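Under this note's numbering, the residues of the sequence shown are numbered 19 to 451, in order. The C-beta atom is built at its ideal place from N, Cα and C for all residues, glycine as well. Here the structure is a predicted model, which means the values were calculated and not measured.
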Amino acid sequence: MNLEVSYRKIIGISFPIIIGMLIQNVISVTDTMFLGRVGEVALGASAIGGLMYVVFTMIGLGFSIGIQIMTGRRNGERNFSSIGKIIDHGFLLILFLAFLLYLVFYFYSSLFLNYFISSKEIFESSIAYIEIRSWALFFSFSNYLFNSFYIGITKTKILTLSTLITALVNVFLDYVLIFGNFGFSEMGIAGAALASNISEICTTIFFIVVTFGNKRIVSFFHLIKIKKIDFKLSASIFKLSYPLMIQHFISLGGWFVFFLIVEKISGRALAISNIIRSLYVLMMIPMWGMAISTNTLVSNFIGEKSYDKVIPLIKKITFLCFIITIFTILPIWIFLEPILNIYTENIELVKGTIPVMYVLFFGLILLSVSIILFNGVSGTGNTKMSLIIESSCILIYLAYSYYIALYLNLGVVWAWTSECIYFLSLLIFSIIY
Numbered sequence: 019m020n021l022e023v024s025y026r027k028i029i030g031i032s033f034p035i036i037i038g039m040l041i042q043n044v045i046s047v048t049d050t051m052f053l054g055r056v057g058e059v060a061l062g063a064s065a066i067g068g069l070m071y072v073v074f075t076m077i078g079l080g081f082s083i084g085i086q087i088m089t090g091r092r093n094g095e096r097n098f099s100s101i102g103k104i105i106d107h108g109f110l111l112i113l114f115l116a117f118l119l120y121l122v123f124y125f126y127s128s129l130f131l132n133y134f135i136s137s138k139e140i141f142e143s144s145i146a147y148i149e150i151r152s153w154a155l156f157f158s159f160s161n162y163l164f165n166s167f168y169i170g171i172t173k174t175k176i177l178t179l180s181t182l183i184t185a186l187v188n189v190f191l192d193y194v195l196i197f198g199n200f201g202f203s204e205m206g207i208a209g210a211a212l213a214s215n216i217s218e219i220c221t222t223i224f225f226i227v228v229t230f231g232n233k234r235i236v237s238f239f240h241l242i243k244i245k246k247i248d249f250k251l252s253a254s255i256f257k258l259s260y261p262l263m264i265q266h267f268i269s270l271g272g273w274f275v276f277f278l279i280v281e282k283i284s285g286r287a288l289a290i291s292n293i294i295r296s297l298y299v300l301m302m303i304p305m306w307g308m309a310i311s312t313n314t315l316v317s318n319f320i321g322e323k324s325y326d327k328v329i330p331l332i333k334k335i336t337f338l339c340f341i342i343t344i345f346t347i348l349p350i351w352i353f354l355e356p357i358l359n360i361y362t363e364n365i366e367l368v369k370g371t372i373p374v375m376y377v378l379f380f381g382l383i384l385l386s387v388s389i390i391l392f393n394g395v396s397g398t399g400n401t402k403m404s405l406i407i408e409s410s411c412i413l414i415y416l417a418y419s420y421y422i423a424l425y426l427n428l429g430v431v432w433a434w435t436s437e438c439i440y441f442l443s444l445l446i447f448s449i450i451y
């Protein structure tokens with residue numbers, strides 16, 4: 019493949035991923051904006067139900083990143099025929115995984131949430147969301163695997179189109195189903211869940227058509243050639259992926275527990291935190307795009323045996339990520355209150371959100387460096403070390419959150435300082451490695 023460590027190459031791979039993730043995040047933003055006008059209960063419940071769904075999808079994401087690392091390695095080795103075999107087995111394994119997680123998610127979520135959620139209204143609305151959202155796991159996991167294939171072979175432009183479809187379908191259906199427009203019944207939070215499901219189905223259909231309908235792609239990478247299951251390959255995929263599955267589950271699981279802690283503060287604190295989550299995730303997307311590029315480029319360089327290029331690559335991406343983060347923060351800092359007014363007309367929610375965002379601006383600067391270093395670790399294939407680092411940081415994060423929010427009762431602003439503690443821990447551990 020002969021990749022060169024240049025800013026142009028880094029941006030060329032990262033930019034479509036960033037654009038795609040920005041478009042995809044329209045789902046979260048529009049859900050939050052629409053439900054913010056339904057009420058604080060719907061807003062809080064969508065935070066709990068939505069995060070619980072994301073926690074389960076993180077297991078699939080972790081698995082697909084393992085596939086991405088293997089694909090990137092084979093791509094760097096120019097062993098293109100092996101890529102199809104990896105992807106074929108990946109689909110079988112990830113759909114089986116989705117089935118197992120669907121059973122757990124659908125049948126046991128209510129038992130879990132009933133134990134932790136204080137508000138009956140938030141609990142009931144969360145379950146209404148989860149019962150509809152659960153069967154979309156099959157499509158979410160499939161989309162993750164398609165993403166991993168295209169990122170692994172460094173052909174990321176198609177991801178912009180796929181996420182554009184997701185976003186457009188979701189925005190339209192949110193408007194139709196949440197509020198009951200165009201003759202449809204008003205569904206509220208259940209409408210948001212159904213809209214998200216249908217948008218993910220449309221994305222899966224798009225990927226199937228453009229991938230398997232392209233004979234050149236199918237032939238070049240030997241896709242859909244599986245005749246019998248290669249148990250040795252399946253074991254290799256699982257061995258590489260399972261630390262990433264646990265890592266991503268722990269990472270988002272930690273955030274989910276954090277939101278349960280916030281719910282104990284008050285329903286308003288939870289509503290504020292859901293607005294923050296939507297805007298906060300939007301601001302992190304450029305960093306995630308650069309981090310994904312770090313992961314796949316490191317994998318490709320190791321596949322080429324170009325070990326001397328890895329450190330210069332990480333340094334350049336870290337510098338780019340830091341600069342992009344500064345330019346992401348500045349306009350939101352300047353226009354923060356008008357932006358928050360888009361999410362909700364409730365003045366008290368807006369006032370409660372502003373000081374938290376100031377805390378997170380500092381945290382994002384820490385993240386811009388730590389996330390690149392951390393993904394450099396996982397890109398080498400040392401997924402067990404990345405799991406150890408992530409687990410250690412989450413333990414520190416949750417212990418601090420609990421102590422600040424529930425033991426000292428310092429409120430929602432201080433609770434969110436836990437993000438800075440997490441990013442600082444991630445930075446320190448990654449530098450040590």
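State the DSSP-derived secondary structure class of residue i, mapped to helix, strand or coil.
i, result
"residue 263", "helix"
"residue 19", "Summary for residue 19: the model assigns pLDDT 46, below 50, so the residue's position carries little reliability; its value from the coordinates is reported in the next sentence. Of the three classes helix, strand and coil, the one that applies to residue 19 here is coil, per DSSP."
"residue 26", "helix"
"residue 323", "coil"
"residue 248", "coil"
"residue 357", "helix"
"residue 174", "coil"
"residue 296", "helix"
"residue 343", "helix"
"residue 455", "Only positions 19 to 451 of the chain appear in the structure, and residue 455 is not among them; the question remains open."
"residue 313", "helix"
"residue 243", "coil"
"residue 186", "helix"
"residue 102", "helix"
"residue 209", "helix"
"residue 286", "helix"
"residue 362", "coil"
Using 10 angstroms around the beta-carbon of residue i, count the other beta-carbons present and answer buried if the total reaches 16, otherwise exposed.
i, result
"residue 129", "exposed"
"residue 351", "exposed"
"residue 91", "buried"
"residue 201", "exposed"
"residue 372", "exposed"
"residue 387", "buried"
"residue 189", "buried"
"residue 441", "buried"
"residue 79", "buried"
"residue 326", "exposed"
"residue 215", "buried"
"residue 20", "Residue confidence for residue 20 is low, a pLDDT of 49 falling below 50, so the modelled location carries little weight and cannot support an answer."
"residue 25", "exposed"
"residue 54", "buried"
"residue 358", "buried"
"residue 391", "buried"
"residue 447", "buried"
"residue 253", "exposed"
"residue 227", "exposed"
Could you give the first and the last residue of the continuous alpha helix (DSSP H) run that contains residue i?
i, result
"residue 153", "Here residue 153 belongs to no alpha helix (DSSP H), and DSSP marks it neither H nor E."
"residue 72", "58–95"
"residue 433", "430–433"
"residue 234", "233–238"
"residue 415", "401–420"
"residue 437", "436–450"
"residue 367", "365–397"
"residue 135", "Segment: none, residue 135 is in no alpha helix (DSSP H) and carries neither H nor E."
"residue 427", "Careful: residue 427 lies outside any alpha helix (DSSP H) and carries neither H nor E."
Considering only the beta carbon of each residue, do residue i and residue j sit closer than 8 Å?
i, j, result
"residue 439", "residue 432", "no"
"residue 276", "residue 419", "yes"
"residue 412", "residue 268", "yes"
"residue 94", "residue 151", "no"
"residue 111", "residue 255", "yes"
"residue 285", "residue 58", "yes"
"residue 308", "residue 382", "no"
"residue 229", "residue 156", "no"
"residue 264", "residue 374", "no"
"residue 287", "residue 430", "yes"
"residue 74", "residue 119", "yes"
"residue 62", "residue 292", "yes"
"residue 47", "residue 196", "no"
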